[in-house]
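Report on the structure given below.
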Amino acid sequence: MAKIGFIGTGIMGQPMAANLQKAGHQLFLSEHHGKAPHALIDAGAVALANPQQVAQEAEFIIVMVPDTPQVEDVLFRADGVAAGLSPNKVVIDMSSISPTATKAFAARINEHGAQYLDAPVSGGEVGAKAGTLSIMIGGEPQTFERALPLFQAMGKNITRVGGNGDGQTAKVANQIIVALNIQAVAEALLFAAKNGADPAKVREALMGGFASSKILEVHGERMIKGTFDPGFRINLHQKDLNLALAGAKELGINLPNTAGTQQVFSTCNALGGGNWDHSALIKGLEHMANFSIRDQ
Numbered sequence: 054m055a056k057i058g059f060i061g062t063g064i065m066g067q068p069m070a071a072n073l074q075k076a077g078h079q080l081f082l083s084e085h086h087g088k089a090p091h092a093l094i095d096a097g098a099v100a101l102a103n104p105q106q107v108a109q110e111a112e113f114i115i116v117m118v119p120d121t122p123q124v125e126d127v128l129f130r131a132d133g134v135a136a137g138l139s140p141n142k143v144v145i146d147m148s149s150i151s152p153t154a155t156k157a158f159a160a161r162i163n164e165h166g167a168q169y170l171d172a173p174v175s176g177g178e179v180g181a182k183a184g185t186l187s188i189m190i191g192g193e194p195q196t197f198e199r200a201l202p203l204f205q206a207m208g209k210n211i212t213r214v215g216g217n218g219d220g221q222t223a224k225v226a227n228q229i230i231v232a233l234n235i236q237a238v239a240e241a242l243l244f245a246a247k248n249g250a251d252p253a254k255v256r257e258a259l260m261g262g263f264a265s266s267k268i269l270e271v272h273g274e275r276m277i278k279g280t281f282d283p284g285f286r287i288n289l290h291q292k293d294l295n296l297a298l299a300g301a302k303e304l305g306i307n308l309p310n311t312a313g314t315q316q317v318f319s320t321c322n323a324l325g326g327g328n329w330d331h332s333a334l335i336k337g338l339e340h341m342a343n344f345s346i347r348d349q
């Protein structure tokens, strides 16, 4: 049993924390932002006032918050994680944030004698609940091995990509692929429906061929049924694509299709859809086409 601090128990974080509990680990939660979930407390988690107290109690401190500024705040505020660290503790950031900022955060944590892993995830709420997340990890090999049992409680495809920042780089790459696949499926279904074909039947036909994908299977069905309750919100995917486009600018490369998909997400945001599931990207295309695949 490990003593684990878990900061960020939202849509993704709460089921991830619950899977750590099921594996027999002791959890410590911070209530600096809001009350800890009753389900985790009832299962034995201990609620503490702030991240500093969590870091003092735990051997591993996991952070799962929305964006780079929130990670920085949790780690380095006056009563943050860094203030409670001692040598050989491990900070694991499982948020999806800037690779550049991650390298700087890791260096600051190392100054306290602690180790740092960036370990963003893919698989959405479904994968978080099922404990089947893909986890992309940056950090030292020895630290990765220490934390591996924790990752195994939360995920299935667990890969140490390289040093600090490389896990976040892999996650940004993942989000590029997912976004462009969502747009490809949305464009295909819109094209089919506008041409008079049944988009559900087109999806069924495509599932048996080379165009088959998890996005076509899961998100294609969401598009056809119009079920856009968030598993992963558009505004969070936009945040990830902003990381990709900012990184591309730093590297002097062009990501034209990523930029195009970001613009369609922006259309969805303009329609009030920032909290829609990212499969609702199709609604941006439908708005521009003045045509809905669900109204035929």
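Going from the sequence shown to this note's numbering is simple: count from 1 and add 53.
The beta carbon of each residue, even a glycine, is placed where N, CA and C say it ideally should be.
If you're wondering where the values come from, they're calculated on a predicted model, not measured in any experiment.
N- and C-terminal bounds of the beta strand (DSSP E) containing residue i
i, result
"V144", "143 to 146"
"V179", "Note, V179: premise wrong, no beta strand (DSSP E); alpha helix (DSSP H) at 177 to 183."
"V118", "Unbroken run through V118: none, as it is neither H nor E."
"L170", "168 to 171"
Cross-strand partners of residue i (DSSP beta bridge)
i, result
"S83", "L101"
"T212", "M189"
"F59", "L82, I115"
"D330", "R286"
"S174", "According to the sequence as given, residue 174 is Val; it is not Ser. DSSP output for V174 lists I188 as bridge partner(s)."
Reference residue i; option with closest CA among the options
i, options, result
"N288", "A246, A223, F81, A232", "A232"
"F197", "R347, K209, V214", "V214"
"A131", "A102, A301, G305, I150", "A102"
"I190", "E178, F204, V179", "F204"
"E274", "G262, K254, Q291, K292", "K254"
"L243", "K142, S265, M276", "M276"
"A200", "V143, V99, S175", "V143"
"Y169", "A264, V179, G192", "G192"
For residue i, the first and last residue of its enclosing alpha helix (DSSP H)
i, result
"D126", "121 to 129"
"R275", "273 to 278"
"I235", "219 to 247"
"K75", "66 to 75"
"L201", "194 to 207"
"V317", "309 to 323"
"K88", "Neither: K88 is in no alpha helix (DSSP H) and is coded neither H nor E."
"I150", "Unbroken run through I150: none, as it is neither H nor E."
"V255", "252 to 259"
- Message: Three Cβ pairs or more, each shorter than 8 Å: is that satisfied between the segment 54 to 67 and the segment 109 to 123?
- Response: They touch, by the three-pair rule.
- Message: Does the segment 176 to 186 come into contact with the segment 155 to 167, if we say contact requires no fewer than three beta-carbon pairs (one atom in each stretch) closer than 8 Å?
- Response: Put simply, the segment 176 to 186 does not touch the segment 155 to 167. Fewer than three CB pairs are less than 8 Å apart.
- Hey, is the segment 333 to 342 in contact with the segment 304 to 324, meaning 3+ C-beta pairs nearer than 8 Å? In short, these stretches touch, since the Cβ pair count reaches three.
- Message: Using 8 Å as the cut-off, can you tell me whether the segment 264 to 283 makes contact with the segment 118 to 126, which would need three or more C-beta pairs spanning the two stretches below that distance?
- Response: Contact between the segment 264 to 283 and the segment 118 to 126 is absent, because fewer than three Cβ pairs lie under 8 Å.
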